[in-house]
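Before any comments, here is the structure.
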Amino acid sequence: MPGFLGALRKLALAPSLRDVTFAGRGFPGAESPAAATLEAIPQAVICGFEWGIEARSEWELERRLELVEPTQRGFAYEGAAMAAVVRDVMPGRSGRTRSLLLGSGHPHIFLTYIGVGFALARLPRPVWRKAIPDLTGSPFHPTMSWLAVDGYGFDKAYFHTRTWVEQQRRPKPYDWDGSPEYFARAFDQGVGRALWFIDGGRPAHVVKALSAFDADRHADLWSGVGLAATFAGGASTEDLRWLRTEAGEHADQLGLGVIFAIKARHHSGHLPEHSVAALDGLTGLTVEQAIEIADSTETHAAGPAGEPAYEMWRAAIRARLQS
Numbered sequence: 001m002p003g004f005l006g007a008l009r010k011l012a013l014a015p016s017l018r019d020v021t022f023a024g025r026g027f028p029g030a031e032s033p034a035a036a037t038l039e040a041i042p043q044a045v046i047c048g049f050e051w052g053i054e055a056r057s058e059w060e061l062e063r064r065l066e067l068v069e070p071t072q073r074g075f076a077y078e079g080a081a082m083a084a085v086v087r088d089v090m091p092g093r094s095g096r097t098r099s100l101l102l103g104s105g106h107p108h109i110f111l112t113y114i115g116v117g118f119a120l121a122r123l124p125r126p127v128w129r130k131a132i133p134d135l136t137g138s139p140f141h142p143t144m145s146w147l148a149v150d151g152y153g154f155d156k157a158y159f160h161t162r163t164w165v166e167q168q169r170r171p172k173p174y175d176w177d178g179s180p181e182y183f184a185r186a187f188d189q190g191v192g193r194a195l196w197f198i199d200g201g202r203p204a205h206v207v208k209a210l211s212a213f214d215a216d217r218h219a220d221l222w223s224g225v226g227l228a229a230t231f232a233g234g235a236s237t238e239d240l241r242w243l244r245t246e247a248g249e250h251a252d253q254l255g256l257g258v259i260f261a262i263k264a265r266h267h268s269g270h271l272p273e274h275s276v277a278a279l280d281g282l283t284g285l286t287v288e289q290a291i292e293i294a295d296s297t298e299t300h301a302a303g304p305a306g307e308p309a310y311e312m313w314r315a316a317i318r319a320r321l322q323s
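Now the structure itself:
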């Protein structure tokens with residue numbers, strides 16, 4: 001049985017499984033053939049969060065997470081990372097997030113960072129600096145910590161759709177990794193991912209929603225769409241090829257999201273068929289080519305104008321795709 005405080009934390013912060021169904025959220029994608037598949041993803045996140053809040057030990061949490069089937073396991077780790085942050089920011093508690101992200105969660109590091117972002121969406125900004133621990137030993141830290149901001153943007157768009165999608169509010173800057181001016185861009189990458197879920201993985205509906213945003217936001221929104229379409233799936237090959245054509249001048253941004261999704265799936269040790277199919281439909285590349293692009297362009301150095309290393313890696317991937 002979970003402790004009393006654990007039960008309170010779960011009750012206060014976690015939505016129910018029904019809350020993240022299309023019917024529960026009132027999303028327009030309820031009629032999509034992919035609705036059940038896409039609903040299962042946030043439900044896996046919620047399960048991971050509840051286990052992370054309740055678990056008496058790290059071993060117990062890891063054991064529960066390993067029982068989740070491989071395609072969904074990374075999403076459950078997102079929820080567990082969210083729970084670890086919530087527990088760490090409480091007085092007298094620390095170390096859970098670092099232990100999880102450097103331990104069993106490291107194969108899912110791209111998604112565990114996103115889970116950290118889910119916690120940020122529920123915590124006041126003054127405690128955000130406690131959310132990302134020093135992950136010395138991980139080759140992806142702090143470069144990929146921007147995925148936490150992506151997760152924050154996804155959470156805001158998914159749970160407060162009217163404000164962040166329909167009204168298209170922009171977030172206030174925050175000095176993340178020394179680059180407050182980049183914060184809104186990473187946020188929009190998460191919003192782009194959320195559009196894929198909100199509209200049920202139906203490319204025509206996703207493109208319509210994306211096009212309603214100001215033009216200066218389109219590039220980052222497109223990269224989020226590419227990541228979600230590849231990692232989560234839900235669209236046919238024919239629809240994906242149409243999406244690639246529709247991206248037009250932002251095809252490299254769409255492809256960038258695809259490459260990151262393949263890199264994340266490959267790093268986790270499980271590459272589902274729908275991700276491979278999306279890679280082909282959206283870029284025409286093989287898995288081997290996608291991994292080579294991701295690995296050969298990887299950088300952890302900031303740009304000459306102070307651009308974060310994360311964006312320098314992204315820019316290098318786009319350049320390879322354009323060539």
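FYI, full-length UniProt numbering numbers position 251 of the sequence shown as 251, with every residue one higher than the one before it.
Heads up, the beta-carbon is just placed ideally off N, CA and C, and yes, glycines get one too.
Item, Value
"Leaving out five residues on either side along the sequence, give the residues of the same chain with a beta carbon under 6 Å from the beta carbon of G3.", "With a pLDDT of 47 at G3, under the threshold of 50, the modelled position of this residue cannot be trusted; read the value that follows with caution. The answer is none, since no qualifying residue turns up."
"Within 10 angstroms of its Cβ, does A305 collect 16 or more other Cβ (buried), or is it exposed?", "exposed"
"Check A14 in the structure and name its three-state DSSP category.", "coil"
"If you draw a straight line from the alpha carbon of R244 to that of A229, how long is it in whole angstroms?", "11 Å"
"Kindly indicate which residue of R18, R314, C47 and A55 has the alpha-carbon position closest to the one of Q189.", "R314"
"Would S16 be called buried (16 or more neighbouring beta carbons within 10 Å of its own) or exposed?", "exposed"
"Considering only the alpha carbon of each residue, which of A251, R170, G281 and A264 lies closest to I291?", "A264"
"CB-CB under 6 Å to F118, same chain, minus the five flanking residues each way: which ones, in chain order?", "M82, G151 and D155"
"Quick check on this structure: which residue in D175, H205 and H141 has the alpha carbon closest to the alpha carbon of R125?", "D175"
"DSSP on H160, reduced to helix/strand/coil?", "coil"
"Quick check: what's the CA-CA separation for L271 versus W146?", "23 Å"
"Classify R18 as buried or exposed, calling it buried when 16 or more other Cβ atoms lie within 10 Å of its own Cβ.", "exposed"
"How is M82 classed by DSSP in three states: helix, strand or coil?", "helix"
"Check whether the Cβ atoms of L256 and A247 sit closer than 8 Å, and answer yes or no.", "no"
"Find out if the Cβ-Cβ distance for the pair residue 331, H267 is shorter than 8 Å.", "No answer is possible for residue 331: the residues shown for the chain start at 1 and end at 323."
"Under 6 Å Cβ to Cβ from F260, same chain only, skipping five residues before and after it: list those, please.", "L227"
"Let's see if you can read the secondary structure: which residues bound the alpha helix (DSSP H) around T37?", "A35 to E54"
"Give a yes or no on whether the C-beta atoms belonging to G29 and R202 are separated by under 8 Å.", "yes"
"Starting from M312, trace the alpha helix (DSSP H) both ways and give me its first and last residue.", "A309 to Q322"
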